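Only one structure is covered here, and it is reproduced in the block below.
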Amino acid sequence: MCKICEELHKDCQGTWNRFQDGKRVVDFVLAYNGQDQSEEMARKRATFQQNLQAEGLEIEPECSQRIHFIKIHVPQEVVSRYCEIMRMQMPTVKLPGQDNIAPKDFSVSGLLVKLFRRPLFSFVIIDRDKFRKREYQLKHEYTRDKSYLFDDGQPDFFTPSIRIAVAHFILERTYFNVGEENKYDIGLRKLLNDGVYLDAYPLHDGNTDMPEVECQRTLLLQEWASVIRWIKHQPLDHIKEYFGVKVAMYFAWLGFYTHMLIWASIVGLLCFFYGLLTFRDNRISQDICNDNTTIMCPQCDAKCDYWRLNDTCTTSQLAHIFDNNFTIVFAVFMSIWATLYLEMWKRYSSAIQHRWGITDYCSLAEPPRPQYLSRLKDSKKTIFNIITGTQEPSPPFWTRKLPSFLYSYSVIFLFITLAIAAVFGIVIYRMSLMTSRNIYGDPDAVSTKLLLLPATAAIINLIVSTILNFAYDYVAVYMTDIEYRRTQSEYNESLNLKIYLFQFINYYSSIFYIAFVKGKFPGYPAKYNRILTLRQEECSPGGCLMELCIQLAIIMIGKQIISLILEILVPFLLQKFREFRSVLGIESEESENGEKLICCNQWTKDFTLISWTDRSLFEEYLKMIIQYGFITIFVVAFPLGPLFALLNNVFETRLDAKKFLLYYKRAVPQRVRNIGMWYNVMHVLGKVAVISSAFIIAFSSNFIPRLVYMYVVSQDKTDRGYLNHTLAYFNVSDFEPGAAPIASKFENVTVCRYHEYRNPPGADRAYKRPLIYWHILAIRLAFVVIYQNVVSFVQIVVAWAIPDTPGRLQDQIKREQYLTNEFIIQQEKLKTRERKCGRNGSSKRRNGTLARQQSSLEEYGTTVSLTEEEGEDENYVRRRPNGGTDPYNHERFQECEIVTSRV
1 MCKICEELHK DCQGTWNRFQ DGKRVVDFVL AYNGQDQSEE MARKRATFQQ NLQAEGLEIE
61 PECSQRIHFI KIHVPQEVVS RYCEIMRMQM PTVKLPGQDN IAPKDFSVSG LLVKLFRRPL
121 FSFVIIDRDK FRKREYQLKH EYTRDKSYLF DDGQPDFFTP SIRIAVAHFI LERTYFNVGE
181 ENKYDIGLRK LLNDGVYLDA YPLHDGNTDM PEVECQRTLL LQEWASVIRW IKHQPLDHIK
241 EYFGVKVAMY FAWLGFYTHM LIWASIVGLL CFFYGLLTFR DNRISQDICN DNTTIMCPQC
301 DAKCDYWRLN DTCTTSQLAH IFDNNFTIVF AVFMSIWATL YLEMWKRYSS AIQHRWGITD
361 YCSLAEPPRP QYLSRLKDSK KTIFNIITGT QEPSPPFWTR KLPSFLYSYS VIFLFITLAI
421 AAVFGIVIYR MSLMTSRNIY GDPDAVSTKL LLLPATAAII NLIVSTILNF AYDYVAVYMT
481 DIEYRRTQSE YNESLNLKIY LFQFINYYSS IFYIAFVKGK FPGYPAKYNR ILTLRQEECS
541 PGGCLMELCI QLAIIMIGKQ IISLILEILV PFLLQKFREF RSVLGIESEE SENGEKLICC
601 NQWTKDFTLI SWTDRSLFEE YLKMIIQYGF ITIFVVAFPL GPLFALLNNV FETRLDAKKF
661 LLYYKRAVPQ RVRNIGMWYN VMHVLGKVAV ISSAFIIAFS SNFIPRLVYM YVVSQDKTDR
721 GYLNHTLAYF NVSDFEPGAA PIASKFENVT VCRYHEYRNP PGADRAYKRP LIYWHILAIR
781 LAFVVIYQNV VSFVQIVVAW AIPDTPGRLQ DQIKREQYLT NEFIIQQEKL KTRERKCGRN
841 GSSKRRNGTL ARQQSSLEEY GTTVSLTEEE GEDENYVRRR PNGGTDPYNH ERFQECEIVT
901 SRV
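Residue 404 in full-length UniProt numbering sits at position 404 of the sequence shown, with consecutive numbering throughout.
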């Protein structure tokens with residue numbers, strides 16, 4: 001913080017985020033270039049600001065050397081009016097019977113919550129002295145006609161996030177031009193796109209350069225965004241109050257997803273340790289390591305030599321760590337886990353939705369995007385909007401809308417093909433490396449080849465995919481701009497889908513190649529299957545699962561490390577660059593009318609922060625969904641994937657929080673019911689994961705061939721001799737031209753082995769498929785069908801057994817609705833009687849009588865709301881609660897509403 005600002009802080013502490021009067025809070029800020037003398041822009045700003053004032057907003061300009069600010073304050077009356085228009089769910093007064101509204105029934109989840117709240121687990125509970133638990137409050141749609149439901153007279157009834165949301169709602173719906181021909185010149189978004197304003201943003205609560213000043217932002221930074229608090233729960237209610245429901249829902253989902261990863265990580269570790277403890281006893285590894293005689297056929301044409309089978313001893317032992325008997329158990333568990341996770345999230349989120357008052361929320365009729373309207377400014381075709389009751393321009397379907405969609409998705413398909421071509425290029429690279437013996441140094445170190453080749457290819461794939469991401473992002477935005485998307489929600493969903501498809505192909509295509517293509521159709525030495533004259537890659541005798549594990553580990557872990565580094569580094573550098581580039585006045589100046597301009601203020605400080613956009617939260621969701629695909633679709637090959645995802649997410653949560661609080665402008669609070677399209681994406685990924693796991697186990701691991709050998713071929717029903725059974729014989733005199741080694745260190749080699757099920761050279765159908773191969777293929781396909789159907793059935797049962805909303809919560813909602821409706825009915829009855837009585841008698845007499853009767857009732861310690869008719873009649877008599885009498889009729893008193901002093 002600058003020294004001048006430190007000196008002036010004492011003087012301007014009370015006006016850091018307020019108007020010049022020091023009383024009215026700045027709810028929103030508009031910033032524009034004061035050196036821009038364009039008359040058209042100045043006219044639009046003047047008209048826009050006049051219309052804002054006509055809506056009831058209070059405006060105060062403030063100028064620096066270059067940037068001018070328009071401070072906006074939303075008065076209480078405007079907030080209440082627009083809360084009703086926006087159908088905000090607001091907390092009600094405490095109703096009779098509210099304390100017993102949620103009976104404490106026994107439940108397993110409740111028992112676990114109580115267990116984890118004991119002192120043994122107190123280290124994970126947030127500090128309740130700093131984040132006080134919110135009092136249980138009923139919520140109801142705000143309306144000024146039912147003022148008895150809300151304590152809106154309290155100064156903190158309308159929170160800052162509500163005031164910001166109301167200000168933004170008005171800004172997006174205010175015109176900045178006059179005249180019928182300019183009816184589409186509406187909204188802040190279009191003004192920002194046209195450069196009329198540089199930025200528009202709400203203010204953060206407090207300044208991070210002054211941590212001694214207590215504020216919500218500093219509290220969240222210290223207790224939530226700090227990495228050292230990684231083990232503590234998140235203060236979701238306070239996050240919601242600061243950022244709004246949309247951002248808070250992301251952190252609620254991220255926290256729930258991270259906690260669910262604990263169970264997946266535990267089972268993944270069990271699978272890993274099982275393989276680690278049993279790899280020395282693995283029969284295949286023992287046969288490979290103890291074999292000193294078997295000579296394998298060359299891995300490439302001409303330049304590659306024969307090699308011994310025991311050269312892959314280390315590779316086969318490592319492969320067993322990930323491809324063992326526990327693998328299929330882990331695959332089934334992860335498939336069920338994916339369903340359990342989604343169902344439990346719906347159940348968990350239902351409680352959050354109720355607590356935050358968004359259970360029945362549905363987005364109001366969105367206005368058309370300014371870009372959409374500007375493109376259709378000259379369009380003669382209009383369509384009647386049944387929701388808003390207005391005529392809106394509409395693009396002709398055959399001449400505009402359909403061609404734009406075809407063009408957009410054709411380009412998208414072209415770039416998806418480009419991504420696949422990039423993967424194909426990496427495959428060719430791998431094939432070409434197999435033909436060079438010098439790149440690896442010692443040609444005898446076959447284990448080094450089998451490990452180094454996948455590692456280098458995976459690193460290159462990671463670099464290429466990272467570079468392509470930037471190109472994809474630009475193309476997706478450009479193609480979505482071409483489409484005629486009417487609302488911002490439609491635009492965002494279309495853009496999000498395109499970018500996710502790019503990312504899916506970019507990150508998963510190379511892994512799909514190793515899992516389902518590599519080593520499946522290599523041919524045999526007498527007739528290799530070739531691509532561009534290059535031989536296809538073969539799997540090692542231990543299978544392709546080890547290479548798939550290496551590819552997954554490098555891409556997944558590498559992507560996470562890069563993301564974590566860029567998570568803070570890029571926003572930090574970008575924010576510092578904006579701060580350096582921005583030329584703002586730092587000294588106190590005097591305006592023309594003599595008012596003091598405050599230099600040390602929140603709006604100038606926040607102006608240098610990164611602007612919050614519709615894409616800001618999308619990027620965070622996208623990273624997590626890509627990660628979710630890694631740990632579900634390909635988790636069979638990498639059981640440690642959930643553990644690395646868990647470790648990443650622990651830091652991701654805190655770094656995201658720090659980034660949003662320190663380097664980004666405050667997000668405009670928005671209401672959402674759930675996480676949107678991402679739930680459906682994860683649901684689809686869960687279905688794909690079942691199919692993927694089935695094919696990986698059936699075709700990429702040794703599970704099915706080994707099982708068939710034990711129960712069909714082996715005499716003793718063990719896997720003794722299984723490795724030899726999987727290796728075919730080849731007569732070196734039958735090499736196709738150019739495939740035999742030019743020079744070899746092996747002497748008198750007549751027969752070599754290769755990993756295939758084929759007849760030996762002296763058989764009737766030499767080098768053709770034997771019957772056992774077709775038996776194994778049939779069992780593999782049968783396994784895929786059985787596995788998919790059994791796991792899918794279990795998923796359906798799990799989804800059916802777990803209701804989306806807990807039964808106790810459903811009962812609580814019904815009880816709340818009943819109490820609220822009864823309270824409204826009673827209050828409406830009283831209002832009706834008061835209106836009837838208002839037509840009779842003198843106003844003075846009525847008020848005086850009511851005052852006397854009210855005063856006399858206070859002797860009994862009860863506040864009673866009497867009807868005006870009862871107030872006029874002084875002969876009413878009612879029975880006191882203690883058996884005595886008072887001057888009011890008992891029956892008539894029963895019709896009155898006895899309320900607490902709160903009401």
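Where is the CB? At the ideal position from N, CA and C, for every residue including glycine. Values in this document were obtained by computation on a predicted structure and should not be read as measured data.
Beta carbon of residue i, beta carbon of residue j: below 8 Å?
i, j, result
"residue 670", "residue 203", "no"
"residue 552", "residue 470", "no"
"residue 225", "residue 657", "yes"
"residue 146", "residue 91", "no"
"residue 513", "residue 636", "no"
"residue 253", "residue 654", "no"
"residue 401", "residue 491", "no"
"residue 911", "residue 642", "Examination of residue 911 is not possible in this model, given that the chain is present from 1 through 903 alone."
Please report the straight-line C-alpha distance between residue i and residue j, rounded to a whole angstrom.
i, j, result
"residue 359", "residue 16", "37 Å"
"residue 342", "residue 95", "35 Å"
"residue 681", "residue 625", "8 Å"
"residue 86", "residue 547", "55 Å"
"residue 566", "residue 572", "9 Å"
"residue 311", "residue 725", "19 Å"
"residue 18", "residue 24", "6 Å"
"residue 413", "residue 463", "22 Å"
"residue 160", "residue 50", "24 Å"
"residue 465", "residue 510", "10 Å"
"residue 66", "residue 570", "26 Å"
"residue 151", "residue 143", "12 Å"
"residue 822", "residue 73", "37 Å"
"residue 305", "residue 317", "24 Å"
"residue 259", "residue 376", "48 Å"
"residue 355", "residue 136", "9 Å"
"residue 460", "residue 423", "10 Å"
Please go through the same chain and pick out, in chain order, the residues whose beta-carbon is closer than 7 Å to the beta-carbon of residue i, but skip the five residues on each side of it.
i, result
"residue 368", "392, 486 and 487"
"residue 495", "476, 477 and 480"
"residue 75", "56 and 58"
"residue 756", "524 and 728"
"residue 279", "285, 317, 320 and 321"
Of all the CB atoms in chain D, is at least one closer than 8 Å to the CB of residue i?
i, result
"residue 26", "Included in the structure is just one protein chain, with no chain D present."
In the DSSP assignment, what residue or residues form a beta bridge with residue i?
i, result
"residue 61", "70"
"residue 712", "None, per the DSSP bridge assignment."
"residue 497", "In DSSP, residue 497 forms no bridge with anything."
"residue 89", "141"
"residue 743", "Answer by DSSP bridge pairing: none, since residue 743 is not bridged."
"residue 725", "For residue 725, which the question treats as bridged, DSSP gives no partner whatsoever."
"residue 731", "751"
"residue 527", "524"
"residue 199", "31"
"residue 25", "18"
"residue 554", "According to DSSP, residue 554 bridges with nothing at all."
"residue 696", "Paired residue(s): none; residue 696 is not in a bridge."
Return the chain-ordered list of same chain residues with a C-beta closer than 8 Å to the C-beta of residue i, the five sequence neighbours on each side being excluded.
i, result
"residue 816", "101 and 138"
Excluding the 5 residues flanking residue i on each side, which residues of the same chain have their C-beta closer than 6 Å to its C-beta?
i, result
"residue 536", "522 and 529"
"residue 200", "30 and 188"
"residue 694", "784, 787 and 788"
* To do: Could you say if the stretch 734-744 and the stretch 703-720 meet the contact criterion of at least three C-beta pairs nearer than 8 Å?
  => Taking a cut-off of 8 Å for Cβ pairs, the stretch 734-744 and the stretch 703-720 do not touch, as fewer than three such pairs fall below it.
* Asked: Does the stretch 328-339 come close enough to the stretch 718-732 to have 3 or more Cβ pairs within less than 8 Å?
  -> The stretch 328-339, when compared against the stretch 718-732, does not touch it at the 8 Å Cβ threshold.
* Examine the Cβ distances between the stretch 637-650 and the stretch 557-568 and report whether three or more of them are shorter than 8 Å. => In short, these stretches touch, since the Cβ pair count reaches three.
* Three or more C-beta pairs closer than 8 Å, one from the stretch 124-135 and one from the stretch 792-811: is that the case here? -> No: fewer than three Cβ pairs fall under 8 Å.
* Give a yes or no on contact between the stretch 233-241 and the stretch 285-300, applying the rule of three or more CB pairs nearer than 8 Å. => Taking 8 Å as the limit for Cβ pairs, the verdict is that the stretch 285-300 does not touch the stretch 233-241.
* Do the stretch 318-327 and the stretch 268-276 make contact, defined as three or more Cβ pairs closer than 8 Å? -> Proximity of the stretch 318-327 to the stretch 268-276 meets the contact definition, three or more beta-carbon pairs being nearer than 8 Å.
* Taking 8 Å as the threshold, find out whether the stretch 342-353 comes into contact with the stretch 292-301 through three or more Cβ pairs. => Here the stretch 342-353 does not lie against the stretch 292-301, with fewer than 3 beta-carbon pairs under 8 Å apart.
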